[in-house]
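Peer 1: Residue numbers (this note's numbering): 4 to 481.
Before I ask anything, let me first share the structure, which is written out below as structure tokens.
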Amino acid sequence: MKINKPYKHIHFIGIKGVGMAPLAILAKEAGFTVTGCDIPEEFITDDALRKSAIVPLNYFSKDHLIGVDLVITTGAHGGFDNPEVGEAKQEKIQVLTQGEAVGYFMSGEPISRTDIQGISVAGTHGKTTTTAMIATLLSNIDASYVVGTSALIPLGLPGHYGKGSYFVAEADEYVTEPTYDKTAKFLWQHPKFIVITNIEYDHPDVYSSIDDVMVAFVKFVRQLPKDGILVACGDDHQVRNLLKQYSGKTITYGFSSNNDYVIKRVNISGHQTFFWLTGLGGADLGEFVLRVSGEHNALNAAASIVVALECGLPIEVIRRTMHAFGGVKRRFEFLGTLPNGALLYDDYAHHPTEIKKTLSTFKKRFLNKKIVCIFQPHTYSRTKKLFEDFCRSFIDADTVVVVNIYSSLREKPDDSVSSLRLAQAISSRHRNVHFLETTHDVVEYITKKQFGEETVVVLMGAGDIYKVGAHVSLKASE
């Protein structure tokens, strides 16, 4: 993708999306005039946009394009069929999808820079947290970054334009535009580093099998330049299959002793994770302390440490900065304490593997408490295709509550699958399962149950289940 025109005013269609808002924030910091539109509904990124003095227009109109010379659009809200996109094309205004735009900024072209080196983080699970960790580490050298969330701790905003030469971005395997362009989004990125956390089957609306997913990942890693580096989790079966098809420089990490970087002696205490790491040649890199829980976060941290070392950061700077990292919005996020003492958390997990790992972490973190998982499935296609896997994912929950499916704007309802059927199927393996229709019902359920100090309530899913937290009574912070 080569674009030879300098732009001044960028308009984002669907600006509230977790992939779009960080890019808009980065663009504004880079000196562009930024406008955007979306639906009026309050969304998770609204606060980040407000802090960046970006005020979305809450409707779509051709009039929004006055003075605009570049449009960036999302696959939601009609995608290429959105009236603003149609008008932009008619007026010969350049239109890029979100995936193309990330690659465009990573190239350095829109900001007239030739020193940019991209770092792309891919994988079915863990890419948001890993991207955030790398961004936090490389904030020491003022890297640019776009992270698919609404807030990072302690960095704050999910997008940043820096003076440093590194550009860190999530690399999504989903397609560019479901109707018109089946190119995997990450293929628009041409980084020097690619991190792959794991590979599993997901996005059944656009990939028919794990083989199709693998084809996309193989294409991606083969885009690395001759001096490029692939950082990959050697513990993952599909990642190992991928490595057999790539001949460039590779650095592996994981728990297995066969990896280049090996995680040892993981201990979880409270909200902290302690682990030890050995590096190339068995070098002892010492102990690292994270302020986020879980063995999966030790893996995410190991990948981030490898990248930071390859970028030249001293190990003690890495150790200190890793300890400062406090997570990202909607990942094991503590919302507060309910009136009778129960703890309320929110988590983005929406794939069976993520659910299982997240609940396992909650169980280990709260050994003597009961876990109530309130799960909102995300998309009909994923729920249908991975139905049996979902049924096996809640083993570490004492109570499971399933809420109606949150449909993607890209899909139509499918009567052949439902949350009620999922709840019934889970109940064949689990003794305490309930079905609720709406998030309003969830608020009433939590309020009436009066969960006490022996309980942890976890809101889970990639839809709007997180909004429940704003509608239940919480104790004032002490």
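Each residue gets a CB set at the ideal place from its N, CA and C atoms; glycine is no exception.
This one's a predicted model, so the numbers in the text were calculated from it and none came from an experiment.
Should residue 212 go down as buried or exposed, given a rule of 16 or more other Cβ atoms within 10 Å for buried?
Peer 2: exposed
Peer 1: To the nearest angstrom, how far is it from the Cα of residue 155 to the Cα of residue 428?
Peer 2: 37 Å
Peer 1: State the start and end residues of the unbroken beta strand (DSSP E) segment that holds residue 490.
Peer 2: Outside the shown range of the chain, which is 4 to 481, sits residue 490, and nothing can be said about it.
Peer 1: For residue 198, which option in 328, 72, 254, 431 has the closest C-alpha, if you only look at C-alpha atoms?
Peer 2: 254
Peer 1: Alpha carbon to alpha carbon, how far is residue 473 from residue 266?
Peer 2: 38 Å
Peer 1: Kindly identify the DSSP beta-bridge partner or partners of residue 158.
Peer 2: Per DSSP, none; premise fails for residue 158.
Peer 1: For residue 283, count the other beta carbons within 10 Å of its own beta carbon; 16 or more makes it buried, fewer makes it exposed. Which is it?
Peer 2: Classification of residue 283: exposed, given that the 10 Å Cβ count is below 16.
Peer 1: Taking only runs that begin and end inside the segment 285-330, name each unbroken beta strand (DSSP E) of 3 or more residues, in chain order.
Peer 2: 287-293, all fully within the segment 285-330.
Peer 1: Where does the unbroken beta strand (DSSP E) through residue 339 begin, and where does it stop?
Peer 2: Residues 336-340.
Peer 1: To which residues of the same chain is residue 146 closer than 6 Å at the C-beta, ignoring the five residues directly before and after it?
Peer 2: Within the same chain, Cβ atoms closer than 6 Å to the Cβ of residue 146 are found at 165, 167, 169, 171, the five residues on either side in sequence being excluded.
Peer 1: Taking C-beta to C-beta, are residue 196 and residue 231 nearer than 8 Å?
Peer 2: Against a cut-off of 8 Å, the Cβ pair of residue 231 and residue 196 comes out as a contact.
Peer 1: Below 8 Å, can you find three or more Cβ-Cβ pairs linking the segment 384-400 to the segment 351-364?
Peer 2: yes
Peer 1: Are the segment 318-331 and the segment 455-467 touching by the rule of at least three beta carbon pairs closer than 8 Å?
Peer 2: no
Peer 1: Taking the beta carbon of residue 25 as the centre, do at least 16 other beta carbons fall within 10 Å, making it buried, or is it exposed?
Peer 2: buried
Peer 1: Are the beta-carbon atoms of residue 160 and residue 51 separated by less than 8 Å?
Peer 2: Taking 8 Å as the cut-off, the Cβ atoms of residue 160 and residue 51 count as close.
Peer 1: Given this structure, state the Cα-to-Cα distance separating residue 243 from residue 201, to the nearest angstrom.
Peer 2: 9 Å
Peer 1: Is it buried or exposed for residue 14, if we count other Cβ within 10 angstroms and need 16 for buried?
Peer 2: buried
Peer 1: Going by DSSP, name the residue or residues bridged to residue 236.
Peer 2: 256
Peer 1: Taking residue 130 as part of the alpha helix (DSSP H), name the residues at either end of that continuous run.
Peer 2: 130-141
Peer 1: Enumerate in chain order the residues of its own chain whose CB-to-CB distance from residue 358 is below 6 Å, with the five nearest sequence positions on each side excluded.
Peer 2: Closer than 6 Å at Cβ, skipping near neighbours: 352, 396.
Peer 1: Any idea if residue 2 is buried or exposed, counting beta-carbon neighbours within 10 angstroms, 16 or more meaning buried?
Peer 2: Residue 2 cannot be examined here, being either before or after the span of the chain that is shown, 4 to 481.
Peer 1: Have a look at 10, 385, 476 and flag the residue whose alpha-carbon is nearest the alpha-carbon of residue 452.
Peer 2: 476
Peer 1: Kindly indicate the opening and closing residues of the alpha helix (DSSP H) around residue 216.
Peer 2: 213-224 is the span of the alpha helix (DSSP H), which, as asked, contains residue 216.
Peer 1: Does the separation of the CB atoms of residue 316 and residue 236 fall below 8 Å?
Peer 2: no
Peer 1: For a test of the three-state rule: what should DSSP assign to residue 430, helix, strand or coil?
Peer 2: Residue 430 carries a helical assignment under DSSP once its states are collapsed to helix, strand and coil.
Peer 1: Just to check my reading of the structure: residue 83 and residue 180 have Cβ atoms closer than 8 Å, yes? What is that Cβ distance to the nearest angstrom?
Peer 2: Cβ-Cβ separation between residue 83 and residue 180: approximately 6 Å, consistent with a contact (criterion under 8 Å).
Peer 1: If I'm right that residue 99 touches residue 69 with Cβ under 8 Å, what's the distance once you round it to whole angstroms?
Peer 2: Residue 99 to residue 69, Cβ: 19 Å. No contact.
Peer 1: On the criterion of 16 or more Cβ atoms from any shown chain inside 10 Å, does residue 442 qualify as buried, or is it exposed?
Peer 2: buried
Peer 1: For a quick check, are the C-beta atoms of residue 256 and residue 305 less than 8 Å apart?
Peer 2: yes
Peer 1: Taking the alpha carbon of residue 67 as the point to measure from, which residue in 77, 264, 90 has its own alpha carbon closest?
Peer 2: 90
Peer 1: Just the Cα atoms here: how many angstroms apart are residue 331 and residue 274?
Peer 2: Between residue 331 and residue 274, the C-alpha separation is close to 14 Å.
Peer 1: Hey, out of 333, 320, 390, 374, whose CA is closest to residue 139's CA?
Peer 2: 320
Peer 1: Buried or exposed: where does residue 228 fall if 16 or more other Cβ atoms within 10 Å of its Cβ makes it buried?
Peer 2: Note on residue 228: under 16 other CB atoms within 10 angstroms of its CB, so exposed under the neighbour-count rule.
Peer 1: Using 10 angstroms around the beta-carbon of residue 16, count the other beta-carbons present and answer buried if the total reaches 16, otherwise exposed.
Peer 2: Classification for residue 16: buried.
Peer 1: Taking the Cβ atom as the reference point for each residue, do residue 127 and residue 150 lie within a distance shorter than 8 Å?
Peer 2: no
Peer 1: Counting only the same chain and skipping the five closest in sequence on each side, list residues whose C-beta sits under 8 Å from that of residue 157.
Peer 2: 139, 327, 328, 329
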